[in-house]
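**Q**
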C-alpha cells in the first residue's frame, strides 16, 4: 500500500519554483506527528538501496521516541515548509551536539533543503559554544554528510530501538569555537 501525499504537499510539488527555498522555523509540539510521518516516507524512499526491506519495515513501524518531544521543546528542531506544508526537518541535541535527524520529504530531496537545515543547526551549535557535531549516519546519508564537511570516523552497528541493527557510519564535524570565530589552538581528541 503506497502512502498518499497530503493534498497541500501534492500541490506544492506540482507548483514549486525550483529556485525558491522554503521557509525555516522552529519546530513545535504540534509538528511531531507530521515530522514522524515525513521521516517514515523518507526512510522508505531513501534507504531502500542500502537496507533490506524487512529491516526498513521494522524501522519504519517504530513509534516516535519519547525523546523527540524533549528535543523539540529544547529548541533544537527546525522545520522547512512551503505554503504550510512540511518539506523537511532537522534536530540537534543542544546538550550533546548530536545531530539527531535530518529528513526531507522524498519529493524534495536534492533541492538543498537538507543542507540549509543542517547549516542552521551548525549556526545554532556555534552560538551555544558547541565545538563538535556528531551523528550515526545511515549508509545512504554518508555522502550527504561528507559533502557537508563531516568526517567518517568508523563503521558501526547502530542498535535501533525497534530491535533492528542498522549498519551505519559514525561521523563528526568540528566547528569554530563560539559565536565569534575559529578555535584558537588546542589539541584534537
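Numbering (this note's numbering), first residue to last: 33 to 221. All C-beta atoms, glycine included, are put in the ideal place defined by N, C-alpha and C.
#1: Residue 159 to residue 145, Cα distance in whole Å?
#2: According to DSSP, residue 55 sits in a beta bridge with which residue or residues?
#3: Counting pairs of Cβ atoms below 8 Å between the segment 173 to 181 and the segment 65 to 74, do you hit three or more?
#4: How about the segment 135 to 145 and the segment 156 to 173: do they share at least three Cβ pairs that are nearer than 8 Å?
#5: Where does residue 86 sit, in a helix, a strand or coil, going by DSSP?
#6: By Cβ distance, which residues of its chain are closer than 6 Å to residue 198, with the 5 residues on each side in sequence left out?
#7: Just verifying my parser: in three-state terms, what is the DSSP assignment at residue 148?
#8: For residue 99, does the count of other Cβ atoms within 10 angstroms reach 16, so buried, or fall short, so exposed?
#9: Just how far apart, CA to CA, sit residue 110 and residue 153?
#10: With a cut-off of 8 Å on the beta carbons, I'd call residue 90 and residue 194 a contact; round off their distance for me.
#11: How about residue 124 and residue 102: are their beta carbons less than 8 Å apart?
#12: For the candidate residues 187, 183 and 155, whose alpha-carbon lies nearest to that of residue 209?
**A** Checking against the coordinates, here is how it stands:
#1: For the purposes of this step, residue 159 is identified with residue 127 of the chain shown, where counting begins at 1. For the purposes of this step, residue 145 is identified with residue 113 of the chain shown, where counting begins at 1. Whole-angstrom Cα-Cα distance: 21 Å.
#2: Along the chain shown, read from residue 1 onward, the residue named residue 55 stands at position 23. In DSSP, residue 55 forms a bridge with 113.
#3: no
#4: no
#5: As a first step, residue 86 is located in the chain shown; it is residue number 54 there, counting from the start. In this structure, residue 86 counts as helix in the three-state DSSP scheme.
#6: Residue 198 sits at position 166 when you count from the first residue of the chain shown. Hits under 6 Å: 190 and 192.
#7: Against the chain shown, residue 148 aligns to sequence position 116. Note: residue 148 maps to helix in three-state DSSP.
#8: Counting from 1 along the chain shown, the entry for residue 99 is found at position 67. Its Cβ having fewer than 16 others within 10 Å, residue 99 is exposed.
#9: Position 78 of the chain shown, counted from the first residue, corresponds to residue 110. Position 121 of the chain shown, counted from the first residue, corresponds to residue 153. Rounded to the nearest angstrom, the two C-alpha atoms are 8 Å apart.
#10: Mapped onto the chain shown, residue 90 falls at position 58. Mapped onto the chain shown, residue 194 falls at position 162. The Cβ separation is near 5 Å, so the contact holds.
#11: Within the chain shown, residue 124 is the residue found at index 92, counting from 1. Within the chain shown, residue 102 is the residue found at index 70, counting from 1. Their beta carbons are not under 8 Å apart, which means residue 124 does not touch residue 102 by this criterion.
#12: Stepping through the chain shown from its first residue, residue 209 is reached at position 177. Considering only alpha carbons, the answer is 155.
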